[in-house]
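Protein sequences appear in the order of chains A and B. Add 17 to a position in the first sequence, counting from 1, and you land on the number used in the numbering used here. Add 49 to a position in the second sequence, counting from 1, and you land on the number used in the numbering used here. Cβ atoms here follow ideal geometry from the backbone N, Cα and C, with glycine treated the same way. As the structure is a prediction and not an experimental result, all values here were calculated from the model. Below is one structure, written out as structure tokens; comments come after it.
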Amino acid sequence: MSAALTDERRDVARRRPSVPRTRRRGRNRAFLYVLPAAAVYAAFSLWPALNTVYYSLHRWDGLNAAEWTGFDNYAEVFTDAELFGSILHSLVLVLFFAAAPITVGLLLTGLLMGRGTRGMTTFRVIYFLPQVVPLVAVGVTWRWIYAEDGVVNQALRAVGLDALTSPWLARHTTALIAIGLVGTWCMTGLCMMLFVSGAQKIDASLYEAAAMDGAGAFRRFTSVTLPGLRGEISVAAVITTIAALASFDLIYVTTGGGPENATTVPGLLVYRLAFSYGEVGGAAALAVVLTVLILAFVTAIRRLTREKE
Amino acid sequence: MKPRLPVLLARHAVLVVFAVVFLTPFAGIVLAAFQDGPGTGGFALPEHWTFDNFSAAWEQGRFGDLITSSLIIAVLVVPATIVLATLAGFGLAILRPAGHRRITGAFVAGLTLPTELVVIALYYNLDGIGLTNNYAGIALAEIALFLPFGVFWMHTHFGNVPREIVESGRIDGAGDLRVLKDLLLPISIPATTTLAVLFFVWAWNQFLIVLVLMQSPGRRTATAGLGYFVGEFSTDVPLLSAASLIVIAPVVVVYLIFQRSFVNGITQGAIKG
Chain A
18 MSAALTDERR DVARRRPSVP RTRRRGRNRA FLYVLPAAAV YAAFSLWPAL NTVYYSLHRW
78 DGLNAAEWTG FDNYAEVFTD AELFGSILHS LVLVLFFAAA PITVGLLLTG LLMGRGTRGM
138 TTFRVIYFLP QVVPLVAVGV TWRWIYAEDG VVNQALRAVG LDALTSPWLA RHTTALIAIG
198 LVGTWCMTGL CMMLFVSGAQ KIDASLYEAA AMDGAGAFRR FTSVTLPGLR GEISVAAVIT
258 TIAALASFDL IYVTTGGGPE NATTVPGLLV YRLAFSYGEV GGAAALAVVL TVLILAFVTA
318 IRRLTREKE
Chain B
50 MKPRLPVLLA RHAVLVVFAV VFLTPFAGIV LAAFQDGPGT GGFALPEHWT FDNFSAAWEQ
110 GRFGDLITSS LIIAVLVVPA TIVLATLAGF GLAILRPAGH RRITGAFVAG LTLPTELVVI
170 ALYYNLDGIG LTNNYAGIAL AEIALFLPFG VFWMHTHFGN VPREIVESGR IDGAGDLRVL
230 KDLLLPISIP ATTTLAVLFF VWAWNQFLIV LVLMQSPGRR TATAGLGYFV GEFSTDVPLL
290 SAASLIVIAP VVVVYLIFQR SFVNGITQGA IKG
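Structure follows, in structure tokens:
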């Protein structure tokens, strides 16, 4: 990175020889302000990230000499049922962590922004609360809610639906969905908060004009609020999608990837492969694939929601 | 033109139902934490209210040590990240060295890098220089993790400061540092408060980095300690609930006190991105 910087600096000096000497020296001094942050970020974030990419091309147990294996680890990510399954699970989680919260968040925003709604601040504080607490604690809480004698089953029994009760996190068919719903619970408040702050910036005269044209509350929401929230929806989709794909804490605490690998996600396998099974290269390859997947999603979301000019 | 009463009532009813859904898990663990005996596991008022679960969780989970660790890491991470982010944001937005756009871009790119990508090599890198199992190692990892948002946030903040403020300082002959210290910092208190609140909560909640980098049980953070506690006492619901409340309480208190700063950080920080 430092090489790129000096190159550019030389470029600028060459292109604009008329810059006064003092000004140029001031520009060099400006680097001193950026340097400490850049150094820490480069040393403890970018450099390890690049190292992980390097590890991904090797077979390495973390102790002995690493062996160059080219793209073998990547081939394994896509052919090994367990590894590839974890990627599929994380894609399912996107529906629950991103799509569902955005939908519910829009609904809540519509209700909160409606004329005559009282207690806006209180509702917002409550809806946002799950976003504040550590996901580890969220996981502990929901384990108990989904337990055999937990709240969900208690409620089912209370209305006479005993037949439907189930150990939700322990069953192959329901565990991933159950965890997904925890994600919905966590992320909805974040989406709502982004949307409400965006909706408050929409010009009130747009609503009046729409009302004048005879648009009802629902029409006003779809034709004024929704287009006005394009940027916020884009940001919410990016944040929540990253949270889904890179999830770790919640799964680690609730199911540990079980039952029978039904809820494994890349983050969990990266941790296990690297630090329990001594397959650092495989873990690194999975982490790189996860990163590429995230970048692909972020780029796609940005493209899809870009303002057409 | 106000909506009619039934519409208003229906709307509030829906909002209240959602509020109940969001609060039920919290209410559930509060009730369970005060339960005497093993508890039924379901949602029920305790027959006998007791604080025993809290003292038991505190002792068995060594939460005194864990909370001390969390606070040490927060003290190492929060001020340092704010100082670094403020200096960098000032440099990039006001002084604008050559290539400042590219450098800003490199910081912003960090917002999308998953921790999973960094943490594998970070462990071996830090192990090589004796910084695993060490507060400083975790602090450096978290500072690097939070800097992209911090730099971006301060860059945006300084970028929105009217140019005249800086120019007026220049005319008075103030150097860069004087401009930052005497003119810009006094009007940046809300921006840095927001960062302080966000960084504290993020540092408190961070799990993966601590899990990987800290092996000594007594020096884990409260959040990481809770992660292990679950494995050991997975069936004792009242004990786990009490432990969770101990870990949750500090961040909830900070959130409720600094609610406005916190929400500003999330909404404005995200939107400008």
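Return the first residue and the last residue of the alpha helix (DSSP H) that residue i is part of.
i	result
B:P55	54 to 82
A:R141	137 to 149
B:T130	112 to 139
B:H204	184 to 208
A:Q3	Outside the shown range of chain A (18 to 326) lies residue 3 of chain A, about which nothing can therefore be said.
B:A245	238 to 254
B:I258	257 to 262
A:Y294	Unbroken run through A:Y294: none, as it is neither H nor E.
A:P118	117 to 130
B:A298	286 to 306
B:G280	271 to 281
A:W202	192 to 216
A:V270	266 to 271
A:S103	98 to 111
A:T69	64 to 72
B:F92	That residue, B:F92, is in no alpha helix (DSSP H); it is neither H nor E in DSSP.
Report, in whole angstroms, the separation of the C-beta atoms of residue i and residue j, which I expect to be a contact under 8 angstroms.
i	j	result
A:A216	A:T242	6 angstroms
A:L303	A:L286	6 angstroms
A:V153	B:T272	5 angstroms
A:F140	B:A68	6 angstroms
A:A54	B:A137	4 angstroms
B:V167	A:S62	6 angstroms
A:G373	A:L124	Any question about residue 373 of chain A goes unanswered here, given that chain A covers just 18 to 326.
Kindly indicate which residue of the options has the alpha-carbon position closest to the one of residue i.
i	options	result
A:A195	A:I143, A:A317, A:F88, A:N170	A:N170
B:T242	B:A134, B:L180, B:H61	B:A134
B:Q84	B:I78, B:P95, B:P74	B:P95
A:L193	A:L290, A:A261, A:N81, A:V57	A:A261
B:D285	A:R160, A:A83, A:T281	A:R160
B:V200	B:T181, B:D221, B:T130, B:I178	B:T130
A:M137	A:S214, A:Y163, A:A92	A:S214
B:L244	B:I295, B:D231, B:V312	B:V312
B:R151	A:V51, A:T272, A:L178, A:V199	A:V51
B:F139	B:R309, B:I297, B:L232, B:F248	B:L232
B:Y304	B:G159, B:F249, B:G186, B:L141	B:F249
A:T322	A:T139, A:A66, A:M229, A:P244	A:P244
A:V142	A:A301, A:F235, A:L211	A:L211
B:L144	B:G208, B:L288, B:L57, B:T161	B:G208
A:L290	A:E99, A:L67, A:W64	A:E99
A:M204	A:D179, A:S264, A:A226	A:S264
Can the beta-carbon of residue i be found closer than 7 angstroms to that of residue j?
i	j	result
A:G233	B:R60	no
A:L186	A:L173	no
B:A39	B:N174	In the structure displayed, chain B extends from 50 to 322; residue 39 of chain B sits before or after that span and is not available.
B:P128	B:F156	no
A:G299	A:G79	no
B:V215	B:V228	yes
B:G274	B:L115	yes
B:P146	A:A47	yes
A:V57	B:I192	yes
A:V315	A:H106	no
A:A115	A:A313	no
A:V270	B:V279	yes
B:F195	A:D266	no
A:C208	A:G127	no
B:I220	A:T69	no
A:S73	A:V305	yes
A:F292	A:G206	no
B:H204	B:L141	yes
B:W253	B:V300	yes
A:W77	A:V297	yes
B:P239	A:T158	no
B:L262	B:T181	yes
Would residue i count as contacting chain C if we go by Cβ distances under 7 angstroms?
i	result
A:M210	The displayed structure is made up of protein chains A and B, and chain C is not among them.
Exercise. Name the residues in the stretch 245 to 268 of chain A whose C-beta lies less than 9 angstroms from a C-beta of chain B; which are they?
Worked result: Of all residues in the stretch 245 to 268 of chain A, the ones placed with a Cβ closer than 9 angstroms to any Cβ belonging to chain B are G248, E249, V252, A253, V255, I256, I259, L262, A263, F265, D266, in chain order.
Exercise. When Cβ atoms are compared, which residues of the stretch 108 to 120 of chain B fall closer than 9 angstroms to chain A?
Worked result: none
Exercise. Got a sec: which bits of the stretch 172 to 190 of chain A sit with their beta carbon under 7 angstroms from any beta carbon on chain B, in order along the chain?
Worked result: Answer set for the stretch 172 to 190 of chain A: empty.
For this session: May I ask you to list, following chain order, the residues of the stretch 208 to 242 of chain A that have a beta carbon less than 8 angstroms from some beta carbon of chain B?
Result: M210, L211, S214, G215, A228, A234
Exercise. What residues in the stretch 157 to 169 of chain B bring their beta carbon closer than 8 angstroms to a beta carbon of chain A?
Worked result: G159, T161, L162, P163, T164, E165, L166, V167, V168, I169
Exercise. For the stretch 179 to 193 of chain B, which residues have a CB atom closer than 8 angstroms to at least one CB atom of chain A, in sequence order?
Worked result: Listed by position, the residues of the stretch 179 to 193 of chain B near chain A (Cβ gap below 8 angstroms) are L189, A190, I192, A193.
Exercise. Just by C-beta distance, which residues in the stretch 149 to 167 of chain A are closer than 9 angstroms to chain B?
Worked result: Within the stretch 149 to 167 of chain A, the residues whose Cβ lies closer than 9 angstroms to some Cβ of chain B are V149, V150, P151, L152, V153, A154, V155, G156, V157, T158, W159, R160, W161, I162, A164, E165, D166, G167, listed in chain order.
Exercise. What residues in the stretch 59 to 70 of chain A have a beta carbon less than 9 angstroms from any beta carbon of chain B?
Worked result: Hits within the stretch, in order: A59, A60, F61, S62, L63, W64, P65, A66, L67, N68, T69, V70.
Exercise. When you check each C-beta in the stretch 281 to 298 of chain A against every C-beta of chain B, which residues fall closer than 8 angstroms?
Worked result: Hits within the stretch, in order: P283, G284, V287, Y288, A291, F292, V297.
Problem set entry | Residues, ordered as in the chain, of the stretch 289 to 302 of chain B that lie near chain A by beta-carbon distance below 8 angstroms | Listed in sequence order: L289, S290, A292, S293, V296, I297, V300, V301.
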